[in-house]
Structures are given as structure tokens and as C-alpha cells.
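Numbering (this note's numbering), first residue to last: 2 to 487.
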Amino acid sequence: MPKALYLTTTLPYVNAEPHIGFALELVQADAVARAAHLRGQEIFFNTGTDEHGLKIKRTAEAAGLTPQAYVDQMAEKFRRLLPALGIWPEANFIRTTNPAHVTAAQEFWRRAAAAGDIYKKDYSLKYCVGCELEKTESELVDGHCPLHPKQEIELIAEENYFFRFSKYESPLLELYNSRPDLVLPESRLNEVKAFVGRGLQDFSISRSAAKQPWGIPVPDDPTQTMYVWFDALVNYVSAIGWGSDEEKFKNWWPVVQFAGKDNLRQQSAMWQAMLMSVCLPPSKQIIIHGFVTSGGQKMSKSLGNVIDPFALANDYGSEAVRYFLLRHVQPFEDTDVTPEKFKEAYNANLANGLGNLVSRVMKLASDHLPASPELQRGELAPAVVEERTLEDFKELNDHLTKFEFSRAMDEIWRHIGLHDAYIQETKPFSLIKTEPDKARQIIAKLVQGLADLAVCLEPFLPQTSATIKNLVKENKTPPQPLFPRK
RNA sequence: AGCGGGGUGGAGCAGUGGUAGCUCGCAAGGCUCAUAACCUUGAGGUCCUUGGUUCGAAUCCAAGCCCCGCUACCA
2 MPKALYLTTT LPYVNAEPHI GFALELVQAD AVARAAHLRG QEIFFNTGTD EHGLKIKRTA
62 EAAGLTPQAY VDQMAEKFRR LLPALGIWPE ANFIRTTNPA HVTAAQEFWR RAAAAGDIYK
122 KDYSLKYCVG CELEKTESEL VDGHCPLHPK QEIELIAEEN YFFRFSKYES PLLELYNSRP
182 DLVLPESRLN EVKAFVGRGL QDFSISRSAA KQPWGIPVPD DPTQTMYVWF DALVNYVSAI
242 GWGSDEEKFK NWWPVVQFAG KDNLRQQSAM WQAMLMSVCL PPSKQIIIHG FVTSGGQKMS
302 KSLGNVIDPF ALANDYGSEA VRYFLLRHVQ PFEDTDVTPE KFKEAYNANL ANGLGNLVSR
362 VMKLASDHLP ASPELQRGEL APAVVEERTL EDFKELNDHL TKFEFSRAMD EIWRHIGLHD
422 AYIQETKPFS LIKTEPDKAR QIIAKLVQGL ADLAVCLEPF LPQTSATIKN LVKENKTPPQ
482 PLFPRK
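Following this line, the structure appears as C-alpha cells:
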């Protein structure tokens, strides 16, 4: 097993508030990072914000701010999401406006250009006069802007730089065939294979600086600004020192990426082609998650069904949000989330399940077992001393290596149920009056069970895991319930 | 239209040839250590439809119906 593991999320575009879908991506990446760390790997966890482009400029203007002031404020919100979700504390937070990133993006451009992969060509923009916005083919309905169907779309010819994507058609297909686990799940790999197999067209990677000044200047051509795609993707290498600290870069590359299904093509085709262009090895793995829908529909402000991760964390705590996202959201498919479902899962499994079990076991233990130091000497129950690691729980590990978070947690909750049933069957609370020794052994066994659960929970609910370990160590009942019923 | 995924008790899902299972919800009983928590049992299913293969199909094959994703500049 390699010693170093580099993981990254995508960088969310900051033209909207952080939303629960991105929280899912962060939490998935975090669980993988923590599990790997427990296996002894060193972790570089990357996330951050994507801050350039025309949309940002427009959103900033609408808010009466300069682009820089606007992105500063938004980046702060995204940064605050990390502690709110209990994400890896040493996570690197990169902003595409960071000077180091700007330099790296320009260097990346130069190398791609040196490889002969960048050239100038006329690009015809589709422009809706009604919106005063550039439109893409997929935004149009019957060749018209859906908001202004009576107005003709204007074609504006502009000279842009293009990236020779077409050159990488066969290399990409070879990559997919030689590395069938590059993209997970398999259905997404097939999708991107089909996309590349249909034939690739070069894509534009710059815009006129006069119209779109908010971005990274193209090296040696001040009349052009890099298109955000090109700029933002480079963050995955700039974050670990590419172009400035080769030693560091070599230590961490290649990357394990987490991304949403809307990012499949950019991450697994375009970005991989860009890497080939500058002669870097491809990503190690790209894990594609589904979308979180709300009430059966895509979340939108106008529908009023947006689920705010901050509000959830505020009401239920970061551990509860992590729990829900990892266990009750399908890792690879779209999942519908509502406040009711969240509450139901919280009460059933955290309050009644895990939290209640900790309370009842630790009450028995603190009342009837000698204090922990004696326990650790093994006088009463040698089992309690046993220190286990995540690797002792094989099924759980198997699920985790396949990124099947909910199955891994199902396994944990199955054990919680077994503990509850065991208490019911053996009745240590009555037995203590008639056969105290036997009762104490049962209780000690339960305490060991809690300790084991804490080990299993560590990648998913790190704080809860630490709390349980501490209670076991101190032989104390929790002063407040771990998860109060809501 | 093409390619891909899917249709399983009220809800969400698992199950890929051999008596239909899990979680939540619902009902009854039990327990009292615990956060009115916990345990046991029960009710509830034409496993989309039709035809086929087979001793036997939710599971394989064929046709059909329905839902979803992808078919490039959506950060």
C-alpha cells in the first residue's frame, strides 16, 4: 500500500451558496481519507473554490460588488463548510484566485502550447440579445433562448484559443481500457467511453479579455482570458506544488478525485487529456456520485426546496449530517432528501440506536464495574483491554474499499442491534442482584462491544467515535445523551 | 432515435435459478439498564405486463409498457 494518499473534491463554482450536494462530496472524500489514515497512510486532502469566469463577474455586479470582493465573501462561506461537516482539519483549501494557482495555470498553458496542443481559431458564440448572455447549444430550445423565444440567437465570431482535444481520442480510450477502475461506478466509465468513442472535437479554452476580464490572462497574449474550465482543472496539480515544488508534487500525485455526475466528462476526459498534454500521469481514480434531490425535484431557490447544510449542521450537529449523507444517500445514485427523512433517520438510528445503546451500556458499566484503570489491567474482563483497529473488521473494510459507505454503516448498525438484543436476552441489570460476577462479565463484554463500535465509526463519525472511546476509558455515562431525540 | 441504468409490501432499498428480505412506518405482547428508548411476534407483496427456457424464475431469454441518465463548451 502506498504511503501517501492524495484526495480531492471538485472545486465548487462560487456563484451560489454551498449546497448539500457538495457537502456529500466533501463527506465521502473525508470518510475515505480517514479510513486510509487509520490504515497508516499519509493524507493530502484538497478542496477549495473555483472563482473565475463571466458568471461570477455578473453575479458580483448584480450584488453590487467587485468580483474580488464577491469571491472573497463566497470563498469564506465554503471554507466554513469544512468545520461544519467535521472535514479533515488539515485540509488544503485552494482558491483559483490564489497567485500560486494563477502562476501554475499559466505554466500549464505554456506546456500544453509547447506540446502543440493549443492553437487559435474562430469560435462562434451564440448570443441571446434578450439576456445579453452567451448561450450554449444545450441551453437553447429549438434554436432559441427559452426565456426569449421570439428573438433570434446572434452568432458572434470571436478568435479564441482551442485545445487539441481530438488528438487524445485514442489515448483516452486506451487509458479507459487499461484502467477499468479509473472511473467509478462502472456505468459512468461506460458513459465516458461512449462519449470519447463518438469522436472528440477541440474545445475553446479562452475568451476575449475585453469582454471577459475576470480570469487568468493567457500567457503572452493579454487580449485573451483563460476559460474557467482550463484554469480550474489545473488546481488538482497546483494544490500539491506542481510547477513550483516538484518534490512535493511527486510525493502526492496521482490523485483520487470525487466529483458529481455533472462533472464526469470534465474530470475523466478533458482533464485526463490535459494531463497527457503536459506529460503527467493520469488521475488514480475518479469517483462519481449522484445528485441530492429534494422532494423529487432538483433543488432551486424558486421552488423553495433547497437543503442548506449549515442549517442541518446547526440543528442536528455535524456528526448527524455526516451520518445521513454517508448512510442514507446512495453513494452513486441520485437520492431524494427531505427534512422529514433526515429527522426520521436521526431519531431511529442516532438517538434510539447508537446514542441510546451508549447510554444504557455505560450506565451499567459505571454502576457495576470497577473504574477503568482496573479494567485495563484485565482483572475482570480481559476482553475489554483488547485494542482493535479498523482492519479487524473485514466486511466493513470490504465495503469501504468499494466506496459503499451505506453498506459499511449497515454493518455497524447491525452490530448495534445485536448488542441491544444481547442485553435483553442476558438481562445484566437483573442478574447483578443474583449472580453479580456473571453480570459483570456480560457488562464488560458490552463495553468491549462499544469500544469496537467506536473503532468502526471512526472514518464516518470521528467525533462520536472519540467520545465513545473516552467514555469507555473513563468508565462514565455520557453527561448528556450523545444524540438527543428530536 | 441510439447507447446505458432501472421498475420488489405504505415509504426507501437489498436480493441474479431452489421456501421473498432489510430499514422506517403500522399492530400486539414483553422488558425496565437506557434518550417514552430496547426486545419479540404479527399484518402488509400479481417481485411492471405477456410469452418462453427449466423439475423449478424476482433472478435466464424474447416482446411490450413506464421512469431516469448520456448523446460536448452545463463550474
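Don't be surprised by glycine CBs; every beta carbon is placed ideally from N, CA and C.
* To do: Use the C-beta contact count for K136: other C-beta atoms within 10 angstroms, 16 or more gives buried, fewer gives exposed.
  => buried
* **beta strand (DSSP E) runs wholly inside the stretch 146-218, at least 3 long, in chain order** => 154-164 and 207-209
* When R165, A452 and L82 are compared against M275, the one with the closest alpha-carbon -> R165
* Tell me which same chain residues have a C-beta within less than 7 angstroms of the C-beta of N252, skipping the five on either side of it? -> A5
* Pick from Q42, L8 and L39: whose alpha carbon is nearest that of G49? -> L8
* Asked: How is the beta strand (DSSP E) around E392 delimited, first residue to last?
  -> No beta strand (DSSP E) contains E392, which DSSP labels as neither H nor E.
* How long is the line joining the alpha carbons of I287 and L174, rounded to whole angstroms? -> 16 angstroms
* Cross-strand partners of N93 (DSSP beta bridge) -> N47
* To do: Only counting runs of 4 or more residues, tell me where the alpha helix (DSSP H) segments fall wholly within the stretch 337-373, in order along the chain.
  => 340-346 and 357-369
* Asked: Can you give the Cα-Cα distance for Q225 and P214, rounded to whole angstroms?
  -> 8 angstroms
* Asked: Mind checking D393: buried by the 16 CB within 10 Å criterion, or exposed?
  -> exposed
* Asked: DSSP three-state call for K127: helix, strand or coil?
  -> strand
* Asked: Is it the case that the Cβ atoms of Y162 and K121 are separated by a distance below 8 angstroms?
  -> yes
* Residue from Y169, R208 and G200 whose Cα sits closest to the Cα of A158 -> R208
* Where DSSP assigns a beta bridge to V256, which residues make up the other side? -> Y7
* Asked: Where I154 and C129 are concerned, what is the direct C-alpha to C-alpha distance, given to the nearest angstrom?
  -> 5 angstroms
* Asked: Which residues in the same chain have their Cβ closer than 7 angstroms to the Cβ of A233, if we skip the five residues on either side of it in sequence?
  -> L12, D51 and T97
* Exposure label - E320; buried when at least 16 CB within 10 Å -> buried
* To do: For K395, count neighbouring C-beta atoms within 10 Å of its own C-beta (all shown protein chains included) and say buried if the count is 16 or more, exposed if not.
  => exposed
* Who does Q225 pair with in a DSSP beta bridge? -> S209
* Asked: Would you call T10 buried or exposed, if buried means 16 or more other Cβ atoms sit within 10 Å of its Cβ?
  -> buried
* To do: Would you list the residues sitting across from K136 in a DSSP beta bridge?
  => K127
* Could you give the distance in angstroms between the alpha-carbon of A1 and the alpha-carbon of S167? -> This structure cannot settle anything about residue 1, because the visible part of the chain is limited to 2 through 487.
* In three-state DSSP terms, what is V293? -> strand
* To do: Note down, in chain order, each residue of its chain lying with its Cβ closer than 6 angstroms to the Cβ of W272, except the 5 sequence neighbours on either side.
  => L234
* To do: Please confirm whether A293 and L458 have their CB atoms less than 8 angstroms apart.
  => It is worth fixing the name first, because residue 293 is Val in this sequence and not Ala. Going by C-beta atoms, V293 is not nearer than 8 angstroms to L458.
* To do: For P223, count neighbouring C-beta atoms within 10 Å of its own C-beta (all shown protein chains included) and say buried if the count is 16 or more, exposed if not.
  => exposed
* Could you tell me which of K342, R328, E334 and M277 sits nearest to I308, measuring between CA atoms? => K342
* Ends of the alpha helix (DSSP H) at K58? -> L55 to A63
* Asked: Are there three or more Cβ pairs, one per stretch, closer than 8 angstroms when the stretch 438-452 is compared with the stretch 405-425?
  -> yes
* Asked: What are the boundary residues of the alpha helix (DSSP H) that P282 is part of?
  -> Per DSSP, P282 belongs to no alpha helix (DSSP H) and is neither H nor E.
* To do: Starting from the Cα of V197, find the closest Cα among V103, A32 and R266 and give me that residue.
  => R266
* **Backbone secondary structure at I119 - three-state DSSP** => strand
* By DSSP, does I288 sit in helix, in strand, or in coil? -> strand
* Length of the line joining the Cα atoms of L281 and L351 -> 45 angstroms
* Asked: Taking Y324 as the reference, which of L447, Q481 and F406 has the closest Cα?
  -> F406
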